[in-house]
Structure formats: C-alpha cells, structure tokens
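Asker: Right, I'll just put the structure down here and ask away after.
2 protein chains.
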Amino acid sequence: MGVTIDDIASAAGVSTATISRVLNNSERVSPATRKRIEAIIKEQGYKPNIFARGLKHSQTGVVGIIVSLITNPYMTSIVESIEGTLAKNDAFIYLCNSNNDEELEHRYIEELLRRKVEALIVVESPGFNAASSFYDGLKADCPVILVNEHLHRDPRHHVVCCAQEPGLMEALNYFLARRLFPIAMILGDEGNYSCTVKERLFAEFCSGAGLGPGAAQVHRVGDANVEGVVTNAAELMSRLARSPDRPRAILAYNDMVGVGVLQGAQAAGLRVPDDIAVISVDNTLLSRISVPQLSTVDLRTADLGRMAAELYLRIRSGYIPAREASREEISSRLVLRATS
Amino acid sequence: MGVTIDDIASAAGVSTATISRVLNNSERVSPATRKRIEAIIKEQGYKPNIFARGLKHSQTGVVGIIVSLITNPYMTSIVESIEGTLAKNDAFIYLCNSNNDEELEHRYIEELLRRKVEALIVVESPGFNAASSFYDGLKADCPVILVNEHLHRDPRHHVVCCAQEPGLMEALNYFLARRLFPIAMILGDEGNYSCTVKERLFAEFCSGAGLGPGAAQVHRVGDANVEGVVTNAAELMSRLARSPDRPRAILAYNDMVGVGVLQGAQAAGLRVPDDIAVISVDNTLLSRISVPQLSTVDLRTADLGRMAAELYLRIRSGYIPAREASREEISSRLVLRATS
DNA sequence: GTGAAAGCGCTAACAT
DNA sequence: ATGTTAGCGCTTTCAC
Chain A
-19 MGVTIDDIAS AAGVSTATIS RVLNNSERVS PATRKRIEAI IKEQGYKPNI FARGLKHSQT
41 GVVGIIVSLI TNPYMTSIVE SIEGTLAKND AFIYLCNSNN DEELEHRYIE ELLRRKVEAL
101 IVVESPGFNA ASSFYDGLKA DCPVILVNEH LHRDPRHHVV CCAQEPGLME ALNYFLARRL
161 FPIAMILGDE GNYSCTVKER LFAEFCSGAG LGPGAAQVHR VGDANVEGVV TNAAELMSRL
221 ARSPDRPRAI LAYNDMVGVG VLQGAQAAGL RVPDDIAVIS VDNTLLSRIS VPQLSTVDLR
281 TADLGRMAAE LYLRIRSGYI PAREASREEI SSRLVLRATS
Chain B
-19 MGVTIDDIAS AAGVSTATIS RVLNNSERVS PATRKRIEAI IKEQGYKPNI FARGLKHSQT
41 GVVGIIVSLI TNPYMTSIVE SIEGTLAKND AFIYLCNSNN DEELEHRYIE ELLRRKVEAL
101 IVVESPGFNA ASSFYDGLKA DCPVILVNEH LHRDPRHHVV CCAQEPGLME ALNYFLARRL
161 FPIAMILGDE GNYSCTVKER LFAEFCSGAG LGPGAAQVHR VGDANVEGVV TNAAELMSRL
221 ARSPDRPRAI LAYNDMVGVG VLQGAQAAGL RVPDDIAVIS VDNTLLSRIS VPQLSTVDLR
281 TADLGRMAAE LYLRIRSGYI PAREASREEI SSRLVLRATS
C-alpha cells in the first residue's frame, strides 16, 4: 500500500502522535516541526488512510446526498453544484435516489449514518412535501442540511432554500406593467407547498392590483412533476387559445408545463410572445432548450447546491456549530428570455 | 456505538473468528452454529463496521461512478439505473462528475482507488471520445467497467455498451419503406465516435438502397451536446423547409437536435409527421416531453446502467473473474412515437 | 512540545 | 470446526 503515518514519522524523526497532531492541525506543535513535517508529507505524497480514520470515528470526507428523483433536471442541477463544490475540497458524495419513497429514504439515512458521513444533505423537490416531521425527529450525529425545506419555519436542522415569491411577483408585475390581461396561472396538483404558494400569491397579487375574474384565471393540469404534464399543458393551452377570454399572459407552474404551453400555443397558431407571453418557473435545462427559450423564474439551483456544500464546509472548519439549526434563504428572480 | 462483533461472539458463546467466518460466508462453519449466529446477528441488528473492514483491505460496499456530465439526461438515466440496482444490493456509490476534464477524471480515479471502491464504473457520453488509452494503462485493483466504450474492440477492461447501428438501420428502413425522400441526416460536430458511426452507416444505407444525392442529404449543426444546438437545429430546419429539395424525413443526431428540428418544422408551418417525419437518437426525457413526442432510437440507458451494476454484482459474488476483460453489447432499437 | 502505548472493529494466519 | 492472536493505520489519553 501507500505511505503510512509511520513512514512520515520515521522520516521526520518524530513519533506518529506528532504527525497526527499536524494532520488534525489541532494542539500545540512547534511551528518548526510542523513546517518540517508538512514538507515531508507533501514530498512523499502521504495521505492518511480513510478507514483508519473512520475507525476512530473521525473524518471520513464523505457527505451523503439524498435526492427524491435524480432524473429530474432540477435535482440534477443541484447535485452537480454540490458535487462540484465538494470535489474542490476533497470531499466525496454518496448519492442516494429515494424516488420519493419514504421508507427507502429512511433506510438510506440509517446506512449513511452508519458509514459516518460528515453531513447529510437532503434535496427536496420544490413541488413535494417531505415528511419533515421525520427529519425533526432525526437524531443524527452529523449536521443535516435540508435543501428546499419550506414547510417549517423552525426546523431542527440546517435549511437552505430559495423563496419563490420574489420571482413570481416580478413575473406578475411584468405582465401587469404591460397590461397583458387576462393573466392565467397554470398550476399542478393541489396540496403541495409549491402549488399553495403560487395560488396564494396569485390571489394576493390580483386583489392588490384590483384584477377581477375577467383579468385573472387559474387552471390545473394534474401532477406537474410527471412527464405527461407536457401533453396536458399543451392540450389545455389549445383549449384556452380558442376560448373567448383567451389569456394574454401565462405563468406556468414549472418548466415542463411551460414547454407544454409553448407547444399548445404554437399548435393553435399563436405567436409567442406577441399574441401570448409565457413565463414558467424553475430555470432548468428545459427552459433553455425550448424554442423560443422560456422566460422563467430562476429557482437558482446552482446557488442552492453551492450554499449547501459550503455550509457543510464551514461546519467542518468549525466556523459554524454543527448541531444548531440555521436558515439561509435566497430569492428567486425573473429571467427574461424570448417568451415574454 | 452500535453492536460489535464481540457482542455477537459473546452472545453466541463463540469467538470473533467464527462470527467473522459466517459473515464472510467462507470456510467451514458447522451449519448449526452458523444458523445460531445468523439468528443472533439478525436479532441484534448487527452490521459489521465498514471502516474496520476497509482497514483490512476487504469489502467496502462502495462503487465509484464517473460520469462526464451529470446534467445530461442521457447520463442521469444511466446513473439512476446503476444506483437503483446497487441500492437493492446494499452497495453505495460515490458519484463523480468529470465535466469532460481528463485531468480531473484522473484525480477522481486515484482518490476512488484510495477509498477502495469495489468497482469503478466509467460512463462515457456516446458523443465523446474518452482517453481510452488512459484506461488501457490503468492498473486498478478493482474491476473497471466502461459504459459505452466503443472505440477499442479489445480494451483491457469490462465494457458494457449499446450499438447504435441496429436502431439507426431500423429508422432508415422505416423511411425507405414509406419512400419518404429525401432523407436528411443531421449530425453534430465531426470527429467523435457517435458522429462517425452515423455518417458511415448512412452512407452504406444510401448506397445499399440505391439512394442518390437527390434522395439523401447530410447536414451539420455544430456541437450537439451543448444546449445551443437546439436553436441551431431549429434554424437549420427552417432553412430546409424553404429549400427546393426539402426533406420528407429527418434522422437527428440526438434528442436535442430532434427537439430543435421539431420546433423549426412547426415554425415553418410543416406538419409533423405528415409533411415531414422526424426520428432522433437517445430516448432521453427530451424525446418524451416534446410535443409531439419524438420517435427515437432507444440507446437503452436503463438497461446499460443495470447491466453495469449487475456485472459488478456478479464479480463480487465470484461468478466472474474480476480482472478479465469482458464485453456485453446490446442493440439499440427504434421507438415509434408521434413524429414518424 | 513531544513520545509511548492502548485501542477502534475486524480479518486471517496459525493453533488446536 | 472453532479459538487465539497479531495486526490494519490512525487518534488520543497520559506521561514526560
């Protein structure tokens, strides 16, 4: 095998304890010996054995990530960002795909803890309500970082999330300023956080702007996190195109819905954005590859991933207490592209 | 901490060695004691400490996966499949995203080996030529499984791949049988394997079917693995729609190109598939969410992922020699949907 | 400020 | 068929 702590110790003419000390840059080691040892370590390319460390319940350099659906581009983007940030800091990730299966998720967590991950990052889909009560009760001996946990204002763990409201308001005000009425909000199934937020916010916006039922509509297209929603949204849009109170502006639940709306509009012979403006939510790959490119409310997946990873790194460095709950919230924002 | 091998040993009234033997279900242990010990293990919920095992250079239950671009839906699908298959078998994965950066990839491999992964699965993009010579030279002490390594007929490692030819031929014959001429092949940049295969195969097909230049065209849209290709393809299609020898059938390099073609066709007022039939390659999310849904050559990502994972599992079980190169190749196939 | 030494939980000779 | 025991490479008291 590779070079061990003993090799370094004898090369430096000190004991393994001293090496260990400089490794865990703790305690008092004379600057001179520290410097000398560090040089030898670098020179010999020594890296401590992960398993020996893990055996002594210490650093393993691994964080566990649980995502609810890895094939969802929204998730993928967050994972990419976490991975990239951690890789720069010599940390590895265990990737676990829960498929929204709570039971499986619990088993994953148990096993990850057994493997002594240094942090547990749980990425929720914004349109899915995780069993947050489970996490509230979770006694992990590593920090738990919840990405997009919106439900509890005071969860027991670290939370990193992106507020939808600011971007949604920007979008609605964009429509309002151009007097693009009626405005239609296209939602997914009721009952999840993301949907509720949008519905409430739209209602507030309408009453605030004095928009009557003739100027505002709400439609639903079923489960919006499922591929079939695109077709549903396209069909809905075709119908709306023929309706007497055809909307001039659409705010779509997510990018998949947005893509469906675009297709429906084009099929109905409507020009986007001239006849109808469309803004969706998520800013995933889909919004960028649609033609025309979708204007969308950016949920800032890359930032979210980076923040989660950096939070772990700060905890690891001791800058932040691991077991205290913290909350970082960033604002979504409107990204204007070709459909509005 | 949890229950250790000593706890089990004393509970069973035997030595730790015996426990270890039943754990590694090797050697001769009397069926009676084995049964008894297994019961106690189950009862106490004992699980061997991963780090102690790793320290003794044995099983770690982890496999390393290196993908060239995790945000690519093609990759994501393979990763999902690998993860799902391994999770059922209590194996975890380290996910590494190389971003097509060779240098980074090498560092990942080095670190993964140090972490004693039980297998290394490298997923190449079908449109990217990996530095296969690097892998040929790689001396890993774990099996290396290359997914979609097409270049070498006799690589030093295990290969699992999907041949594009069968599905492409199906697609072309589909066009031929319906006499949808001219047929246009839309390719990405020259120089990668995937592109070369398609070009060669198309040429062979044309000469085989006696198709002259009036009945067959080849076009290029630049780097087809980049989001912007959608717009390029849309623009190309708009131009083709106005051309005197407008194609009646399109075979698109991948799903992104296919989506672009669809949009271009619709923008030009062409009905799909009545005026123009479109078939793409990949069968990713994109082909399923496009409206109309794209007919596509299925590159069978889910099967590929499962095969790679199962290959590792068979090696782990000793059914297959780890260090011998093997090759499993499956055939792509045409999936007919709404655009053809 | 540094060293000696006792483990961490397991595996694998070597004994019996 | 089962037990004894010496490590794997590191961390961490406890001495000095």
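From first to last, the protein sequence lines stand for chains A and B. -19 is the number of the first residue of the first sequence in this note's numbering; add one for each residue after it. -19 is the number of the first residue of the second sequence in this note's numbering; add one for each residue after it. Heads up, the beta-carbon is just placed ideally off N, CA and C, and yes, glycines get one too. Quantities reported herein were computed from a predicted structural model and do not represent experimental measurements.
(1) Roughly how many angstroms separate the alpha carbons of A/Glu18 and A/Ile30, rounded to a whole number?
(2) CB A/Glu170 to CB A/Glu179, shorter than 9 Å?
(3) Using CA atoms only, rank isn't needed, just tell me which of B/Thr56, B/Pro253 and B/Tyr173 is closest to B/Arg317.
(4) With a threshold of 16 other CB atoms inside 10 Å of the CB of A/Lys96, please say whether the residue is buried or exposed.
(5) Would you mind reading off the limits of the beta strand (DSSP E) that contains B/Thr276?
(6) Indicate whether at least one CB of chain A lies closer than 9 Å to the CB of B/Glu91.
(7) Tell me the DSSP secondary structure of A/Asn69 in three-state form.
(8) Tell me where the alpha helix (DSSP H) around A/Val252 begins and ends.
(9) If you run the structure through DSSP and keep just helix, strand and coil, what is B/Asp39?
(10) Taking C-beta to C-beta, are B/Pro162 and B/Ala196 nearer than 9 Å?
(11) Could you list the residues in the stretch 204 to 219 of chain B with a C-beta less than 7 Å from some C-beta on chain A, going in chain order?
(12) If we define contact as Cβ-Cβ less than 9 Å, is B/Tyr154 a contact residue for chain A?
(13) Rounding to the nearest angstrom, what Cα-Cα distance links A/Gly285 and B/Ala204 in this structure?
(14) Starting from the Cα of A/Ser187, find the closest Cα among A/Ala143, A/Arg219, A/Leu152 and A/Gly208 and give me that residue.
(15) Could you check where the beta strand (DSSP E) with B/Arg307 kicks off and where it finishes?
(16) With a cut-off of 9 Å, does the C-beta of A/Lys22 fall near any C-beta of chain B?
(17) If you draw a straight line from the C-alpha of A/Ser297 to the C-alpha of A/Ala289, how long is it?
(18) Check whether chain A comes within 9 Å of B/Asn263, counting only Cβ atoms and requiring the distance to be less than that.
(19) For A/Val271, which three-state DSSP category applies?
(20) What residues in the stretch 66 to 83 of chain A have a beta carbon less than 9 Å from any beta carbon of chain B?
(21) Based on the DSSP secondary-structure assignment, which residues constitute the bridge partners of A/Gly44?
(22) Over what stretch of residues does the beta strand (DSSP E) that includes A/Leu160 continue unbroken?
(23) Round the Cβ separation of A/Ala257 and A/Thr319 to the nearest angstrom and send it over; I've been treating them as touching at under 8 Å.
(24) Alpha carbon to alpha carbon, how far is A/Gly322 from A/Ser223?
(25) For A/Asn4, decide whether its Cβ has a neighbour in chain B, counting only Cβ atoms nearer than 9 Å.
(26) State yes or no: is the beta carbon of B/Tyr88 nearer than 9 Å to at least one beta carbon in chain A?
(27) Go ahead and label B/Pro301 buried or exposed: buried means 16 or more other beta carbons lie within 10 angstroms of its beta carbon, across all protein chains shown.
(28) Helix, strand or coil for A/Ala318 per DSSP?
(29) Whose Cβ in chain B lies nearer than 7 Å to the Cβ of A/Ala32?
(30) Could you run through the stretch 276 to 300 of chain A and flag, in chain order, every residue whose CB is less than 8 Å away from some CB of chain B?
(31) In three-state terms, what does DSSP make of B/Val139?
(32) Buried or exposed: where does B/His37 fall if 16 or more other Cβ atoms within 10 Å of its Cβ makes it buried?
(33) Check for me: the alpha helix (DSSP H) holding B/Val210 runs from which residue to which?
(34) For the pair the stretch 234 to 253 of chain A and the stretch 267 to 274 of chain B, tell me if three or more CB-CB distances fall below 8 Å.
(35) Give the DSSP-derived three-state secondary structure of A/Ser61 in the structure shown.
(36) Between B/Ile259 and the rest of its own chain, which residues show a CB-CB distance below 6 Å, the 5 nearest in sequence each way excluded?
Answerer: In terms of the structure at hand:
(1) Here residue 18 of chain A corresponds to residue number 38 of the first sequence, with the count starting at 1. Here residue 30 of chain A corresponds to residue number 50 of the first sequence, with the count starting at 1. So the alpha carbons of these two residues sit roughly 19 Å apart.
(2) What you label residue 170 of chain A is simply residue 190 of the first sequence in a count that begins at 1. What you label residue 179 of chain A is simply residue 199 of the first sequence in a count that begins at 1. Less than 9 Å divides the Cβ of A/Glu170 from the Cβ of A/Glu179.
(3) In the second sequence, counting from the first residue as 1, residue 317 of chain B sits at position 337. When B/Thr56, B/Pro253 and B/Tyr173 are compared, the shortest CA-CA separation from B/Arg317 is found for B/Pro253.
(4) Here the question's residue 96 of chain A lines up with position 116 in the first sequence. Burial call: buried.
(5) The sequence position of residue 276 of chain B within the second sequence is 296, counting from 1. Start and end: Ser275 to Asp278.
(6) The residue given as residue 91 of chain B occupies position 111 in the second sequence. For B/Glu91, the nearest CB of chain A lies under 9 Å from its own CB, placing it at the interface with that chain.
(7) Start at 1 with the first residue of the first sequence, and residue 69 of chain A comes out as number 89. Reduced to three states, the DSSP call for A/Asn69 is coil.
(8) Counted from its first residue, the first sequence places residue 252 of chain A at position 272. Segment: none, A/Val252 is in no alpha helix (DSSP H) and carries neither H nor E.
(9) Residue numbering aside, residue 39 of chain B sits at position 59 when the second sequence is read from its first letter. This sequence places Gln at residue 39 of chain B; Asp is not what is there. B/Gln39: coil per DSSP, three-state reduction.
(10) Here residue 162 of chain B is taken as the residue at index 182 of the second sequence, counted from 1. Here residue 196 of chain B is taken as the residue at index 216 of the second sequence, counted from 1. A contact, by the Cβ cut-off of 9 Å.
(11) Glu207, Val210, Thr211 and Ala214
(12) Looking up residue 154 of chain B in the second sequence gives position 174. Any Cβ of chain A closer than 9 Å to the Cβ of B/Tyr154 would place that residue at the interface, and such an atom is absent.
(13) Taking the first sequence and counting its residues from 1, one reaches residue 285 of chain A at position 305. Taking the second sequence and counting its residues from 1, one reaches residue 204 of chain B at position 224. Their Cα atoms are separated by approximately 27 Å.
(14) Locating residue 187 of chain A in the first sequence gives position 207, counting from the first residue. When only C-alpha atoms are compared, the closest one is A/Leu152.
(15) The residue you call residue 307 of chain B lines up with position 327 of the second sequence. Its beta strand (DSSP E) spans residues Arg307 to Ser311.
(16) For the purposes of this step, residue 22 of chain A is taken as the residue at position 42 of the first sequence. No, because no Cβ of chain B sits closer than 9 Å to the Cβ of A/Lys22.
(17) Locating residue 297 of chain A in the first sequence gives position 317, counting from the first residue. Locating residue 289 of chain A in the first sequence gives position 309, counting from the first residue. Each residue's Cα considered, the two are about 12 Å apart.
(18) Within the second sequence, numbered from 1, the residue matching residue 263 of chain B stands at position 283. With 9 Å as the cut-off, B/Asn263 does not count as an interface residue toward chain A.
(19) Counting from one through the first sequence, the residue named residue 271 of chain A turns up at place 291. Reduced to three states, the DSSP call for A/Val271 is coil.
(20) Ala67, Asp70, Phe72, Ile73, Tyr74, Leu75, Cys76, Asn77 and Asn79
(21) Start at 1 with the first residue of the first sequence, and residue 44 of chain A comes out as number 64. Bridge partners of A/Gly44: A/Tyr74 and A/Leu100.
(22) Counted from its first residue, the first sequence places residue 160 of chain A at position 180. No beta strand (DSSP E) holds A/Leu160; DSSP gives it neither H nor E.
(23) In the first sequence, counting from the first residue as 1, residue 257 of chain A sits at position 277. In the first sequence, counting from the first residue as 1, residue 319 of chain A sits at position 339. So it is a contact: roughly 7 Å between Cβ atoms.
(24) Nothing about residue 322 of chain A can be reported from this structure: the residues present for chain A run from -19 to 320 only.
(25) Residue 4 of chain A sits at position 24 when you count from the first residue of the first sequence. Not one chain B Cβ lies under 9 Å of A/Asn4.
(26) The residue you call residue 88 of chain B lines up with position 108 of the second sequence. Yes, B/Tyr88 counts as interfacial toward chain A.
(27) Start at 1 with the first residue of the second sequence, and residue 301 of chain B comes out as number 321. Answer is exposed; the Cβ neighbour count stays below 16.
(28) For the purposes of this step, residue 318 of chain A is taken as the residue at position 338 of the first sequence. In this structure, A/Ala318 counts as coil in the three-state DSSP scheme.
(29) Counting from 1 along the first sequence, the entry for residue 32 of chain A is found at position 52. Here the neighbours are Leu35.
(30) none
(31) Translated into the one-based positions of the second sequence, residue 139 of chain B becomes position 159. Strand at B/Val139.
(32) Indexing the second sequence from 1 puts residue 37 of chain B at position 57. Per the 10 Å Cβ criterion, exposed.
(33) Counting from one through the second sequence, the residue named residue 210 of chain B turns up at place 230. B/Val210 -> alpha helix (DSSP H) spans Val209 to Arg222.
(34) yes
(35) Position 81 of the first sequence, counted from the start, is the residue given in the question as residue 61 of chain A. Here A/Ser61 sits in helix by DSSP.
(36) Position 279 of the second sequence, counted from the first residue, corresponds to residue 259 of chain B. Within the same chain, B/Ile259 has close Cβ partners Ala151, Leu231, Ser275 and Ser320.
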